[in-house]
Every structure is written in structure tokens, then in C-alpha cells.
Amino acid sequence: MTAPATNPPKTTAPVVASVRDLRVHFKSKGGIVHAVDGVDFDVRDGETLGLVGETGCGKSVTARSFLRLVPMPPGIPVSGSIIFRPRQRCSSCDGAGCPTCAGTGRVVSPCPVCAGSGCDTCEQSGAETIDLLTIPERELRSIRGNRIAMIFQDPGKALNPALSIRKQVAEVFYAHRSDELLVSAGIDPGSGSMPTTLLRRRATQQSRTLESVLLSLPPLRSGRTAISEAADDRVATALAETQIPNPRAVMDRYPHELSGGMKQRVMIAMALACDPDLLIADEPTTALDVTVQARIIELIKELQQRHKTAVVYISHDLSLVRKVADRTAVMYAGRIVEVGDSEQIFHEPEHPYTRGLIDAIPGAHHERGRLAAIEGTVPELIDPEPSCRFAGRCDYAASVCWTHDPTLGPVRDREVACFIHHPPEHGEAPSFDRTVR
Amino acid sequence: MTATTDQRTVLAVRDLKKHFPIKDGALQRVVGQVRAVDGVSFDLQRGETLGLVGESGCGKTTLGRVLAGLEKPTSGGVYFDLSESQRVELDRALRAGQGEDLARLEASHRVDRLDGTNWRRFRRNTQMVFQDSFSSLNPRHLVSDIVGRPLRVYKEASGSALTERVVGLLEQVGLGRQHLYRYPHQFSGGQRQRISIARALALDPELVILDEPTSALDVSVQAQILNLLHELQQSRGFTFLFITHDLSVVRHMADRIAVMYLGRIAESGETTELFNEPIHPYTEALLRANPDLTADDEGFRGLEGTVPDPARPPQGCRFHTRCEYATPDCGWEIDDVVLQLEDTPALFDKLAGVERRSPFDADLEFSDSDAAAGLATALQSEDVPASMRAAIEHVSVGAQKVSIKFREVNEVLLTPRGNDRLAACVLDALPKRY
Chain A
144 MTAPATNPPK
154 TTAPVVASVR
164 DLRVHFKSKG
174 GIVHAVDGVD
184 FDVRDGETLG
194 LVGETGCGKS
204 VTARSFLRLV
214 PMPPGIPVSG
224 SIIFRPRQRC
234 SSCDGAGCPT
244 CAGTGRVVSP
254 CPVCAGSGCD
264 TCEQSGAETI
274 DLLTIPEREL
284 RSIRGNRIAM
294 IFQDPGKALN
304 PALSIRKQVA
314 EVFYAHRSDE
324 LLVSAGIDPG
334 SGSMPTTLLR
344 RRATQQSRTL
354 ESVLLSLPPL
364 RSGRTAISEA
374 ADDRVATALA
384 ETQIPNPRAV
394 MDRYPHELSG
404 GMKQRVMIAM
414 ALACDPDLLI
424 ADEPTTALDV
434 TVQARIIELI
444 KELQQRHKTA
454 VVYISHDLSL
464 VRKVADRTAV
474 MYAGRIVEVG
484 DSEQIFHEPE
494 HPYTRGLIDA
504 IPGAHHERGR
514 LAAIEGTVPE
524 LIDPEPSCRF
534 AGRCDYAASV
544 CWTHDPTLGP
554 VRDREVACFI
564 HHPPEHGEAP
574 SFDRTVR
Chain H
32 MTATTDQRTV
42 LAVRDLKKHF
52 PIKDGALQRV
62 VGQVRAVDGV
72 SFDLQRGETL
82 GLVGESGCGK
92 TTLGRVLAGL
102 EKPTSGGVYF
112 DLSESQRVEL
122 DRALRAGQGE
132 DLARLEASHR
142 VDRLDGTNWR
152 RFRRNTQMVF
162 QDSFSSLNPR
172 HLVSDIVGRP
182 LRVYKEASGS
192 ALTERVVGLL
202 EQVGLGRQHL
212 YRYPHQFSGG
222 QRQRISIARA
232 LALDPELVIL
242 DEPTSALDVS
252 VQAQILNLLH
262 ELQQSRGFTF
272 LFITHDLSVV
282 RHMADRIAVM
292 YLGRIAESGE
302 TTELFNEPIH
312 PYTEALLRAN
322 PDLTADDEGF
332 RGLEGTVPDP
342 ARPPQGCRFH
352 TRCEYATPDC
362 GWEIDDVVLQ
372 LEDTPALFDK
382 LAGVERRSPF
392 DADLEFSDSD
402 AAAGLATALQ
412 SEDVPASMRA
422 AIEHVSVGAQ
432 KVSIKFREVN
442 EVLLTPRGND
452 RLAACVLDAL
462 PKRY
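Chains A and H, in that order, give the protein sequences. For what it's worth, our numbering labels the leading residue of the first sequence as 144, then goes sequentially. For what it's worth, our numbering labels the leading residue of the second sequence as 32, then goes sequentially.
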């Protein structure tokens, strides 16, 4: 991928996660649905990658694959890898930003096998590489919500209605920062003594009924309280960071007592609590009003700049993605059809589908009744033949589009999967000059 | 849209209110009213498209339901199908109060007082398309039943003639004969919305109320539906009331727009004028929050705060609690002080009670005198908006009590702003910002 002139620092930044040939299929009565069928893209450190497409094009399945949240079965993991390269706080500046870490405050965490010198495990890069699709569930649990966090579409459904905000946000800290909680509470996490063990189990939410009784008795009660207070402090800080007014009062509320925008802020606070390397936002503002949506977008952008987190922003709303994303990947029917710098994609779309999508948005320049609708609907993805998935709705489709799979290839500053830009070796190539209809 | 002498007003809405009671306690006594629609007036001319926009909870859907006759208004009236002279007569009669003229007009035109024949005429001429086509199409009925039902109810057709009429309707909305004997779940979202539209058009109505018809659809399908609606309007001369929260869609579809906030119209006017030069700060805030493909990033901004409780709408201008241009005349009141207090737990926890003499004048009692003094200082400080400080006429601190009196302000009403525009704002024009 060549670097566009507008945003050189972000596109040359190291890759945090790279998705290669991801295929996730689903079993259904009619056959195998190819929901995600060969998706490749990279997410670079500190950038926002927008993932856009219509309903059912596989954007959510792609996003959920990062954390293995796709239910299997009915899902079938066919092939592919998602390589994640976690980062750690830069030791020479302690996160403040220095020349060593190129001002980001983070460095690549070294490969545990070769300690950064380069070996076969890390493909000679020296960086710790984790394939999120193959690592054991136990290890994945330590990454979920810690190194990779996710914001879901409907905050009303994603929050647990039976837990107060305090309890659900604190879970993140109990799960991933229990040692820090113990240290804040004045307990040495390394000590193997009986009280410490009990308190450590408390800080990781593993206490059994009998242990809870012991912990409520005077000798241990102070330690237990200290741990809760340490967690409360962190919860309050996390909530305050998302500009929730009066976080200490909000902590004791339940999700139904909060407005939609407030709930989404709580979700964002939970997601960013552990300062993740990668944040996956799956339509975070679709359930919100425009005015609130704009506030949430501002918030995500601001927090991203502060935390230097890479964000994968999924949305069906192109105008929104243009506001948010540095780079955009357009998905159609389980594949990426165009990926590149946002501003350029929206300014000069190259793939016929991207063109169609952009023209379909009603704007000031459209005459009423003359919106360029894309005729037809997304095809059913049950056992598809090799062909361009968009051929059935494309104004320019030629015979080759029905028989061959187009692949992503470079066009100027981006990558496009279309025979118009990459004429096939045999057969007639389609062209923007020749419409079918 | 200029009114000519033969121009018919499909709907004339006059000071319409719809309140829902809040019931509480074992006896379910009414303890308050949610003022979903609270004094809305406008005219809808034949053949035009009026866009109704606003955030969720501003009452736009309730208004649509009242206009369609699905809910009875609490007060005020909806008048159906008036000629220009009748409309002028109606306004005169309403100004004069109860009288013979008004009674006569109401008997034949006021929607909630229509007799059998007129009621049937109104119902068949007012159809609705709902947002969620999953819940507005009966999953147990075939498409032929769904689209044919209005024709059967009004005894327009039966037997094979009915089937042919249904096929004709389906073809108009881009479906066909092959779809007659299918169930709603066998269709995609866009197709289901087409079925809803076909059902609404079956009786060739005068007015179609479209309540967020494309909110659940993808852009490419949305474009298909918007084109379809426009074509149908062109060929059959429907009047549309287009309810939506999507400003890009409403700009594309509507001739005139009414912006609603908390049960009232904040601003109305011709579409391009309203978009190019908003007068009400709320309209401007909505426009700025709308992500637009062509606009630059400069103006993109959200709106602080939440919509106030419609059971206790703010005094003066209802938007003053969130308005960045608020002046001392916008209706600052005791409730705003209480809201400010809620964000300062140290003081709020000590608040013992509020004794109101009017919405603008009250005593706030605290459990200790420090808190009372704290509030008095806070009210003079930068913590409260400057316009709110300027609106305070009088503050006095007693032992554990603060008396506050704000400038009394009347409700901010819609005033004409030239060329068919109305806005409810104390300012004459917004400062040029973007």
C-alpha cells in the first residue's frame, strides 16, 4: 500500500493487526453461507480504519472474529489468520512520547521466544505476534477487554441490566488489573500467605461463598474494602474520562436509569479502561440521535488521540465514516472491494459499488426523484460460484465478471478489486465507458 | 408554497395538544402529564411534502398518529380538507371563540368530531406508512390480504377484480404478481417497505403520513424507496407528511420543513431557506450534528445535554437549557438551578426542599448554612452560564435557605420571519458562524 500524501505518519505506522484471507462461513438450511469470504486488511497503530457496507455484507462478523465472538456452530472458521502485535508502554519515556517510540508513548512488545532478535515464530520481525484465531481460549481471555476492546451497537443490550454501573465497569479491572488493585490497596501480590491469597482471589472475583464470609470478618475486611475502593477510584476515573458529569453518582445507577448517550459513554469507558491497543467499534452510534451521535464521535476521536489507540470503526453510514476514519475499507458480500485513504475514496471512488453507495446518499445537489439507487439487493451468499459478487447489480459488468473472482490490486493510491482496473488476461474487460443497462 | 384561491388545505392543525397521563400509586391516580405534543399549528396544502424533523422524544411520531386519527387529541383540532375560503373562515371563527360558524365547520371537518360518513371519507384519504415493517405487516397474512384489505373494507373490489387491483398496486411499487401469495418474512426490508407503501396507496388517498419510512434501510435501498415515493407523488398528486430524524433525507424530499423540539415547532419554513439560513439555534445544532458527505469538518459538532422531561417542559424557550446563544430573556428558572445542583453532589446531598412560589421564584432549603452560602456563591460564579446569572433578579441567603428570583419571562412563541417562515426564538437572527 503506497502512502497517500495527506497522512504520512499514520500510514507508515507499524501494523497492529493484520487480517489475512479471513473466511467465516455459516451453516444454514439452504447450504453454506459464505458470510466473510477472503478478507485482507491491516490496521496500523493509532489510525482509524472505517469498515463500511450494507447490511449483511459481513462487517460485523469480521469485527467479531477479532475476539472470536462469532458463535461456532453455526459459524465455521474456514481459513485465515488475524495476526495481532500487542504493544507496551515505552520504557524510556513512560508513555509521554519520545523519539524511541516516535511520540506515541508505546513500543512493540518483544517476541517472547527470541526477545526481539528475530526468529521463526515472529517471522523475523522481533515483535510478539499472536494469531487471534488459533491461540487457546485462556490466552484470548487475557486479551479481550485488555489489549483489544469492543464497543457494541446497542448499549441498552450490551450492558447488564442487573448490575450497577460500578460493578460492571469494575469487572474490567478485576479481570485484567487485579495486581494493580492489590498494590493500590497496600497488599503485596507476590506474597503467598493465606490472607493475601484470599484477597487475591477476591481481586480476581474468584471468591467462593465461604471465602466471602471469611473476607467479611474483621481481620480481612479492611483489605477487602481497600480493594473495592481502589477499584472504585479507577471506575470513577474511567467514567470521568468519557465526560460523564458527576461519575460517583452515575456509578450507583443501573443502565435503565441512564440515557442512550450516557450508556454508550459507559461502554466506551469500559472499553478504554485498560488502555487497549485496538478498539473495535461496531456501529457505536446507530441507536443514537444525531446530536448525541456527534458528541460520541467527538469523544471517540479525542480519546483515541490521547490513548493512541487504533480503532476499527464499523458503520453503514458513509458520511459518518468519512468524518471518523483515516482509511476506509468498503465491504460487499463478504469481501473488501476497495480500501484506501478516506478522503480520496469519498472524493474519487474507483469501484462501481463505492460509486453507487456514495451517489445513493441524498445530498443538496440531487434533484428529487433522481437518486442513483443501486438496483437489486445483496445476493444470497449460499455456495457462490466464482464471480464478482457485485456483477448482478453493476452497471458495467462484462462476461468476465460473471466467471472470475476479482482480487484486490493497487490502483493509484489504494487497492480496488475490480476488472475495470485490473483487466483479465483472457476475455473482454469491463469499462466505465460502457454501461450494460 | 403560495396559496392560490383554489388551493385546498388537506390538513389545518390548530393549537394541537396531546398529553399522556402519568399514573402512580395503588389507586393509579394521575400525578402528571407527559406533554408529547404541546400546541402545534400548521397547514398542509394539497400536493406538497412537509418534513417533520426532531430528536427522538420530541413528539413527532405522536403528532403523526394524532393527525392520522389514531389518537384523540387532548385539545386543539385537526381540520381535514378545507378550501381556501373555509380555512380563512376557520381562523376567523377560532379567534372569535365559540360560535355557530365554528360549530358548523367542526361538524364537517374537525377530525375528532366527524360523523360516520365524513369519518370514513377521512380515514380512507389518510394513510400511514410505519417505520418498522416487521411489526406493521401481519406475519400471518399473505401479501394479497395485506394490500387488498383496504379495498375489501371499503368494498372497492372483490374476487378476481380485487386480485387484479392488488397486482396493479404491487407493480406500481416495483413488485409483481409472483409476490402475491407470500408472507412478509419472505421479503427483504426494502421490499417489505414497498408492500407497506402499496397498502397505503390502495385507496388512492389524499394524504400519506410517512413515519420514518427509510430509517431501517440501507442507503442504496433508501434511494430506491425515495425515488419511488417521488414518482408516485408526481403521478398521483399525493400530499406527504414526511416524519424523519434524517436531515439529508428530509432535505431531499420535503418542500417545507417543520423542526420540532419537546412537543412544539421550533422553526418552520421552505427547505432550502431553512437549511441555508437557520434562525432557531436548535435547527442550527441539528444541521451541525448531521454528517454530510459534502460539508467540511469545521461545523461538525454535537449538542450538549439531554432533552428535558416533557412532563415538566422548561419555561420561556424550551431549548434554553441546551442553547449556546441563550440570553437572560430565554426563561431561566428554578428548575435550572436544581439541575445545576445535581451536578454538584456536595451541595445536592444537603438540599432539603424547594418551596416554589412560581417557576421563577423559590426558596431552596439546605440542611446546613455552609451549603446555602455555597450555592449563593456558585450562582455568581463562572459555574453557571452568564445569561443565567444575568437573569437572576434577586438572591438572598438566610440561615439555611436561599431565596432566588429570576426574571419572569413569557413563553417564546412562533413569530413570522418573512417569506412563509416561522421561528420561536428571542433572537432576530443567529450570529454568523458557519
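Ideal Cβ positions, reconstructed from N, Cα and C, are used throughout, including at glycine.
task: Assess, as a yes-or-no matter, whether the stretch 444-461 of chain H is touched by the stretch 306-320 of chain H under the definition of 3 or more beta carbon pairs within less than 8 Å.
output: yes
task: Under 8 Å by Cβ, that's how I've got residue 73/H and residue 289/H pegged, so tell me the actual separation to the nearest angstrom.
output: 6 Å
message: Does the contact criterion of 3 or more C-beta pairs under 8 Å hold for the stretch 314-330 of chain A versus the stretch 366-382 of chain A?
response: yes
query: Rounded to whole angstroms, how far is the Cβ of residue 519/A from the Cβ of residue 535/A, which I believe are closer than 8 Å?
result: 6 Å
- prompt: Can you give the Cα-Cα distance for residue 470/A and residue 192/A, rounded to whole angstroms?
  reply: 5 Å
- request: Would you please verify whether the beta carbon of residue 282/H is less than 8 Å from any beta carbon of chain A?
  value: yes
message: Please report the straight-line C-alpha distance between residue 175/A and residue 168/A, rounded to a whole angstrom.
response: 6 Å
task: Please confirm if the stretch 68-84 of chain H is in contact with the stretch 553-561 of chain A, defined as three or more CB-CB distances below 8 Å between the two stretches.
output: no
field: Cβ-based burial, residue 53/H [other Cβ within 10 Å; buried from 16]
entry: exposed
task: May I ask which residues mark the beginning and end of the beta strand (DSSP E) holding residue 179/H?
output: First-last for residue 179/H: 174-184, but that is the alpha helix (DSSP H), not the beta strand (DSSP E).
task: Taking C-beta pairs closer than 8 Å, name the residues in chain A that residue 192/H reaches, listed in chain order.
output: Correct list: empty, because the minimum Cβ distance to chain A is about 31 Å.
message: What residue range does the beta strand (DSSP E) around residue 50/H cover?
response: 40-55
task: Could you tell me how far apart the beta carbons of residue 379/A and residue 396/A are, in whole angstroms, since I believe they sit closer than 8 Å?
output: Rounded, the Cβ-Cβ distance is 13 Å, inconsistent with contact.
message: So with CB distances below 7 Å, who are the chain H contacts of residue 389/A?
response: 374, 376
- request: Return the chain-ordered list of same chain residues with a C-beta closer than 7 Å to the C-beta of residue 222/A, the five sequence neighbours on each side being excluded.
  value: 164, 166
query: What residues from chain A crowd round residue 331/H, counting only those whose CB sits closer than 9 Å?
result: 437, 440, 441, 466
query: Does any residue of chain H bring its CB to less than 8 Å from the CB of residue 505/A?
result: yes
message: Cutting at 8 Å between CB atoms, please list the residues of its own chain near residue 70/H, excluding the five before and the five after it.
response: 46, 47, 48, 107, 294, 295
message: Can you look up residue 36/H in the DSSP assignment and give me helix, strand or coil?
response: In this predicted model, residue 36/H has a pLDDT of only 49, less than 50, meaning its place in the structure is not dependable; the value taken from the coordinates is given anyway. If DSSP states are grouped into helix, strand and coil, residue 36/H belongs with coil.
message: Give me, in chain order, the residues of the same chain whose beta-carbon lies closer than 7 Å to that of residue 419/H; leave out the 5 immediate sequence neighbours on both sides.
response: 363, 367
query: DSSP on residue 384/H, reduced to helix/strand/coil?
result: strand
message: Which residue marks the beginning of the beta strand (DSSP E) containing residue 396/H, and which one marks its end?
response: 392-397
- prompt: Using CA coordinates, which residue listed in 545/A, 352/A, 362/A, 320/A is at the minimum distance from residue 337/A?
  reply: 362/A
- prompt: Roughly how far, in whole angstroms, is the beta-carbon of residue 225/A from the beta-carbon of residue 160/A, given that I think they are within contact range, below 8 Å?
  reply: 6 Å
query: Taking the beta strand (DSSP E) that residue 67/H falls in, what are its first and last residues?
result: 60-76
field: Outcome for residue 27/H when other beta-carbon atoms lying within 10 angstroms are tallied against a minimum of 16
entry: Look at the range of chain H in this structure, 32 to 465, and you will see that residue 27/H is not part of it.
- request: Helix, strand or coil for residue 240/H, going by three-state DSSP, please let me know.
  value: strand
Buried or exposed by the 16-neighbour rule on C-beta atoms within 10 Å, applied to residue 406/A: buried
task: Sort 283/A, 298/A, 419/A by Cα distance to residue 643/A and report the nearest one.
output: The structure shown does not extend to residue 643/A, since chain A spans only 144 to 580, so no value can be given for it.
task: Measure the alpha-carbon distance for residue 199/A versus residue 180/H and round it to whole angstroms.
output: 32 Å
- request: Return yes when the Cβ of residue 435/A is within less than 8 Å of the Cβ of residue 404/A, no when it is not.
  value: yes
message: Alpha carbons only, please: which of 280/A, 420/A, 421/A, 408/A is nearest the one belonging to residue 427/A?
response: 408/A
task: List the whole-angstrom C-beta distance separating residue 216/A from residue 172/A, where the pair is believed to meet the contact cut-off of C-beta under 8 Å.
output: Actually they do not touch by this definition, with Cβ atoms about 13 Å apart.
field: Range covered by the alpha helix (DSSP H) that runs through residue 138/H
entry: 131-140
task: With 9 Å as the C-beta to C-beta threshold (strictly closer), list the residues of the stretch 213-240 of chain H near chain A in chain order.
output: 219, 220, 221, 222
- prompt: Where residue 318/H and residue 281/H are concerned, what is the direct C-alpha to C-alpha distance, given to the nearest angstrom?
  reply: 12 Å
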